[in-house]
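Under my numbering, the residues of the sequence shown are numbered 1 to 151, in order. In this text, a Cβ means the ideal position worked out from N, Cα and C, and glycines have one as well. Here the structure comes first, spelled out in structure tokens, and everything after it is commentary.
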Amino acid sequence: MVSSHKLQQRSYIVVPLAKVSPTMTGGRITAWQKDVGAYVDCYDLLYEFDAQGVTDDDASSSVKMEVECCDEGFLAVVFDPLPAEPTLTCRPMLAPDTPVALLCETEDEMRTVQAQFAASSAVRPATDAQVMTWHAYLRDPRPSDPNSCCS
Numbered sequence: 001m002v003s004s005h006k007l008q009q010r011s012y013i014v015v016p017l018a019k020v021s022p023t024m025t026g027g028r029i030t031a032w033q034k035d036v037g038a039y040v041d042c043y044d045l046l047y048e049f050d051a052q053g054v055t056d057d058d059a060s061s062s063v064k065m066e067v068e069c070c071d072e073g074f075l076a077v078v079f080d081p082l083p084a085e086p087t088l089t090c091r092p093m094l095a096p097d098t099p100v101a102l103l104c105e106t107e108d109e110m111r112t113v114q115a116q117f118a119a120s121s122a123v124r125p126a127t128d129a130q131v132m133t134w135h136a137y138l139r140d141p142r143p144s145d146p147n148s149c150c151s
């Protein structure tokens, strides 16, 4: 049994992998538009991702999407890691609504959350945490190659 420590919820917002359709089966973040520690304003683009299974037509195809933040705060932690093997450049496929990062209201809160995360990478947000409101935009309407790790 893996132990997981929970962050004390004070003033942080969970950033989820955006579920852009009811049929979406997963997604892979391909780029972060903000660095950890950066301030994110409302309407800033936060990340790009390949969304898989967005339409009923072809559940295996994916499309490129962008996620815009509708909240504001400091990007404290990114849970979406790079792969363990240095030869790979792709991030793993994640389930929709998986927490991928945390926003904090103040720099002090950000430092506290970062210290907790540095002490234990198993730290995850509380299940009743506030979830970031987002907008998603189609970045590229052409289906991505499902056989490619990061298309």
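Notebook entry, point to check: Taking just the CA atoms, how far does L102 sit from A119?
Noted result: Going by the C-alpha atoms only, they are around 16 Å apart.
Inset, instruction - Return the residue from the list V36, E68, E48 that minimises the CA-CA distance to E107. - result: V36
Going along the chain, which residues of its own chain have a beta-carbon closer than 7 Å to the beta-carbon of R111, five neighbours each way excluded?
Excluding its 5 nearest sequence neighbours in each direction, R111 has no C-beta neighbour in its own chain below 7 Å.
task: Going by CA-CA distance only, name the one from Q52, V54, Q33 that's closest to L45.
output: Q33
- Check whether P226 and P92 have beta carbons under 7 Å apart: An answer regarding residue 226 cannot be provided, because it is not within the stretch 1 to 151 covered by the chain.
For Q33, the three-state DSSP class (helix, strand or coil): coil
inquiry  = Once the 5 residues before and after M24 are set aside, which same chain residues still bring their CB inside 6 Å of it?
reply    = A51, G53, V54, P96
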